Each structure stands twice: as structure tokens, then as C-alpha cells.
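Enquirer:
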Amino acid sequence: MVEFNPFLLQVLVSTVPATVTSGFFPVLGTAVAASLLQVGIFFFLMRMGTVIGSICAPRLHESYMPHKIGVGAEVANFLVAIAILFAIFLQSSLLLFSCAFFKGLANGSISILRFSWLKQLPNFQKSSHLNLITNSLAQGAYVFVGILLFISNSLIMAQIVVIVDAMGSLFGAWLFWSLRNQSITMKYEQSTSLKSRFVTLTKTPQRRVILLTDILVCCAMGGANIMLLKYGNMFFGENNGYAIALVVYGLFFFLGGKLIQLKNKGKVVKLSLPVVITSMLIMVVSLSLLPFAEHLYLKILLLSGTFFCYPMICLQIQSEWFKICDAEEASVISSSQMIYCQIVFGFFEFIYSILNNDNFVRALFLQIACVVMLVYTALNKNRRVQYV
Numbered sequence: 001m002v003e004f005n006p007f008l009l010q011v012l013v014s015t016v017p018a019t020v021t022s023g024f025f026p027v028l029g030t031a032v033a034a035s036l037l038q039v040g041i042f043f044f045l046m047r048m049g050t051v052i053g054s055i056c057a058p059r060l061h062e063s064y065m066p067h068k069i070g071v072g073a074e075v076a077n078f079l080v081a082i083a084i085l086f087a088i089f090l091q092s093s094l095l096l097f098s099c100a101f102f103k104g105l106a107n108g109s110i111s112i113l114r115f116s117w118l119k120q121l122p123n124f125q126k127s128s129h130l131n132l133i134t135n136s137l138a139q140g141a142y143v144f145v146g147i148l149l150f151i152s153n154s155l156i157m158a159q160i161v162v163i164v165d166a167m168g169s170l171f172g173a174w175l176f177w178s179l180r181n182q183s184i185t186m187k188y189e190q191s192t193s194l195k196s197r198f199v200t201l202t203k204t205p206q207r208r209v210i211l212l213t214d215i216l217v218c219c220a221m222g223g224a225n226i227m228l229l230k231y232g233n234m235f236f237g238e239n240n241g242y243a244i245a246l247v248v249y250g251l252f253f254f255l256g257g258k259l260i261q262l263k264n265k266g267k268v269v270k271l272s273l274p275v276v277i278t279s280m281l282i283m284v285v286s287l288s289l290l291p292f293a294e295h296l297y298l299k300i301l302l303l304s305g306t307f308f309c310y311p312m313i314c315l316q317i318q319s320e321w322f323k324i325c326d327a328e329e330a331s332v333i334s335s336s337q338m339i340y341c342q343i344v345f346g347f348f349e350f351i352y353s354i355l356n357n358d359n360f361v362r363a364l365f366l367q368i369a370c371v372v373m374l375v376y377t378a379l380n381k382n383r384r385v386q387y388v
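Read left to right, the sequence shown gives residues 1 to 388 (the UniProt record's numbering).
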């Protein structure tokens with residue numbers, strides 16, 4: 001078991017409430033009578049904020065100590081939370097749009113900072129487990145979004161969530177400041193240009209395969225908000241379907257993170273090819289059979305299979321990036337992954353919203369990813385043979 005420490009505490013008290021606030025943006029939009037299109041713009045701006053933050057993050061790491069970056073990002077998140085409350089009070093859609101952008105900017109910066117900082121620490125085994133746990137908690141936080149929406153989807157509940165987020169950010173800023181004794185000058189790549197990022201991500205055959213697989217999985221699970229909304233309403237009813245789907249999605253992320261942690265107990269977290277390939281195949285079967293399932297229990301079983309296997313894939317891919325990158329390139333790797341993931345997710349948020357049979361397209365991307373992973377298996381075998 002990974003010991004309780006400031007990095008983990010920061011995720012619990014700051015990142016989790018920030019994620020919950022992001023999930024409540026559709027409810028916050030009711031304060032300005034936001035249409036469905038405007039809600040989509042909220043999420044798009046949030047993703048674009050994350051992309052911009054990811055582009056700037058490596059340069060920030062060159063100029064400032066990590067604890068100062070963390071404090072600055074948390075203070076920014078606090079100010080955004082206060083601005084959201086003002087936007088509700090003033091009923092200003094423009095201010096709420098701006099808040100969505102800066103929310104993504106602050107949250108993305110903290111995620112990249114955590115990845116890079118953990119990579120610099122001497123106990124790599126411990127850091128790899130912390131990276132896994134924080135990633136599973138960040139996504140698993142959607143279970144709280146679902147629970148709170150199930151209790152009440154009122155604007156008052158949304159305001160309470162934002163206030164908790166603001167308080168958590170202040171505590172998070174204090175936690176980052178308390179880590180100043182562990183704050184070290186970040187090692188970094190000299191160039192953060194687009195060409196340099198691409199070279200860093202693809203400089204070995206294994207990295208090229210991981211990159212391609214990651215993008216294919218993002219294509220398959222892109223438009224996650226649309227997927228949860230569509231399938232939740234379809235299987236659980238329109239009143240609470242989305243909330244229930246969020247709870248199931250979040251719970252399986254918690255469970256997936258724990259299972260991967262147990263499998264790698266006492267060693268560095270790494271990608272298990274059999275587990276990833278098996279999970280992809282289960283997802284392909286589940287998504288392909290969904291339209292033909294007539295009974296509710298079978299639909300729930302197939303949907304659960306998809307939500308269970310997805311974290312088993314993406315959490316291991318994130319852990320593999322953490323394992324194979326050097327400390328000098330951690331910031332570039334993390335920010336680059338954030339950029340392409342957010343762009344792909346945002347693009348397919350639109351594509352899947354206009355497709356009726358999106359499950360077949362998702363399954364196709366996963367089939368291709370499965371083939372790519374088989375290639376990765378062959379590359380690993382060849383590499384082991386070379387060392388014999």
C-alpha cells in the first residue's frame with residue numbers, strides 16, 4: 001500500500017473537487033439559460049484551456065520551482081471558482097465561458113506538474129504507484145458528480161460544489177507550499193517546439209506503438225460526455241440515467257486503479273500486454289453487442305464491461321509513459337499527451353453526437369488498437385532476445 005502523503009492529499013482535497021465542479025458545468029449553465037450548444041462550448045473551452053496550459057507548462061518548469069507553479073495554479077483555480085460564483089450572481093454567460101477556459105488551464109497545469117515532479121523523485125517505484133493512484137482518483141471523481149446529481153441537480157447544489165472547490169484550492173496551495181523542501185529544479189528538454197515534441201514521443205519503436213495505441217483508444221472513448229449521457233439515458237432512463245452512468249464510470253476507475261496497483265505490488269507499475277489486449281477484446285465485444293441486447297440486465301452487463309475495461313487500458317498506458325520517459329523529458333511527454341488527448345476527445349465529442357451507431361466506430365478503433373498492441377508484444381519479445 002502506498003503511504004498517505006501530500007501529493008495524494010492534494011488530489012483528494014483539490015483535484016477531486018475541481019473535477020466535480022467541471023462535471024457540474026451543465027447545471028451551472030442553467031444560471032445563464034445556456035442551451036445544449038452552449039454547454040458543449042463550455043466543455044470545448046475547458047479542453048482548449050487544458051491544451052494551452054499544456055503548451056506553456058514545460059516553459060514554466062524551466063523558470064520556476066515546482067512548488068511555486070503548484071501554488072500559482074491552485075490560486076488561479078481558487079480565483080476561477082470565485083469568478084464562477086460571480087458569473088452566477090450576475091447571470092453573465094461571457095464570464096462563465098471565460099471561467100470554463102481558465103478552469104481547464106489551471107487543472108491541466110497541475111496534472112502536468114504532478115507527473116513531472118513525481119518523475120524527478122528518487123524512489124521511482126513509489127512515484128509510479130502515486131502516479132497511478134492520482135490518475136485513478138482524478139477520473140474516479142466522476143462518481144461524486146453522479147452521486148451529487150442523483151441527490152440534486154439544482155443550481156444551489158452546484159454553488160455548494162464550487163465553494164468546496166474554492167476551499168480545496170486554498171488547501172491545495174498550502175500543500176504545495178509545504179512541499180517546498182522536496183521542490184527541486186526540474187530537468188527539461190531544451191526545445192518544446194511541435195517538431196521536438198513529436199521526436200520525443202516517437203524516438204523509439206516502443207514509444208511509437210504506445211503513442212499510436214493511446215491515440216486510437218482516445219478515438220474509441222472520445223466524446224465520453226456524450227457517451228455517458230446517451231447510454232445512461234438509454235439504459236437507466238432520462239431522469240437519472242446520466243448520473244447513474246457517471247457513478248458506474250467513476251467506480252470502475254477506482255476499481256481499475258486498485259487492481260493495477262495490486263498486480264504491481266512491490267514493483268514499478270508497468271503495462272501488462274495480456275491485460276490490455278484482453279480488455280480491448282472485451283470492449284470490442286461489449287460495444288458490438290449493445291444494439292442487439294434486448295434485456296435490460298444484458299445491456300447493463302455489456303455497458304459495465306466497457307466501463308470496467310477502459311480504465312484497465314488507459315491507466316496502464318499512462319503508467320507506461322511514466323515508466324519509459326526520462327526525467328529530462330517528463331514535462332514534454334506529459335504535456336504532449338495532454339494536448340493530443342484533449343484534441344481527440346474534443347473532436348469526437350462532436351462526431352459521436354451526430355452518429356447513431358457510434359458503438360461500432362468505437363469498436364473499430366479498439367480492434368485496430370488491439371492489432372497495434374500485438375505488434376508491441378512482438379517488439380518486446382525481439383528486444384528481450386537481443387539481451388539474451
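Yeah, the Cβ is synthetic: ideal placement off N, Cα and C, and Gly gets one too. In this text, all values refer to a predicted model and were calculated from it rather than measured experimentally.
Where do the ends of the alpha helix (DSSP H) carrying Gly237 lie?
Expert: It is not in any alpha helix (DSSP H) - Gly237 carries neither H nor E in the DSSP assignment.
Enquirer: Compute the distance between the beta-carbons of Gly146 and Ile226, then report whether it is under 8 Å.
Expert: no
Enquirer: For my contact list, Asn77 and Ser169 are in at a C-beta cut-off of 8 Å; report their separation, rounded to the angstrom.
Expert: Between Ser169 and Asn77 the Cβ distance is about 4 Å, and since that is below 8 Å, they are a contact.
Enquirer: Between Lys258 and the rest of its own chain, which residues show a CB-CB distance below 8 Å, the 5 nearest in sequence each way excluded?
Expert: Ser136
Enquirer: Tell me whether Leu94 is buried or exposed, calling it buried when 16 or more other Cβ atoms sit within 10 Å of its Cβ.
Expert: Looking at its Cβ environment, which holds fewer than 16 other Cβ atoms inside 10 Å, Leu94 is exposed.
Enquirer: Measure the CB-CB distance between Ala369 and Met312 and report whether it falls below 8 Å.
Expert: no
Enquirer: Counting C-beta neighbours from all protein chains within 10 Å, is the total for Lys119 16 or more, i.e. buried, or is it exposed?
Expert: buried
Enquirer: Keeping to the same chain, check which residues put their C-beta closer than 8 Å to that of Val388; ignore five residues upstream and five downstream.
Expert: The predicted position of Val388 is uncertain, since its pLDDT is 36 and thus under 50; no value can be drawn from it.
Enquirer: Could you give the DSSP three-state label for Lys77: helix, strand or coil?
Expert: The sequence given here has Asn at residue 77, not Lys. Correct three-state label for Asn77: helix.
Enquirer: Using CA coordinates, which residue listed in Val361, Ala33 and Pro205 is at the minimum distance from Gly223?
Expert: Minimum Cα distance to Gly223 is reached at Val361.
Enquirer: Cβ atoms of Phe101 and Gly49: under 8 Å apart, would you say?
Expert: In this structure, Gly49 sits near Phe101, with a CB-CB distance shorter than 8 Å.
Enquirer: Could you check what DSSP says for Asp214 in three-state terms: helix, strand or coil?
Expert: Judged by DSSP in its simplified three-state form, Asp214 adopts helix.
Enquirer: From what residue to what residue does the alpha helix (DSSP H) around Ala173 run?
Expert: Leu155 to Ser178
Enquirer: When the Cα of Phe25 is compared with those of Ser98, Ser304, His67 and Ile69, which residue comes out closest?
Expert: Ser98
Enquirer: Please report the straight-line C-alpha distance between Ile300 and Gly241, rounded to a whole angstrom.
Expert: Rounded to the nearest whole angstrom, the CA to CA distance from Ile300 to Gly241 is 12 Å.
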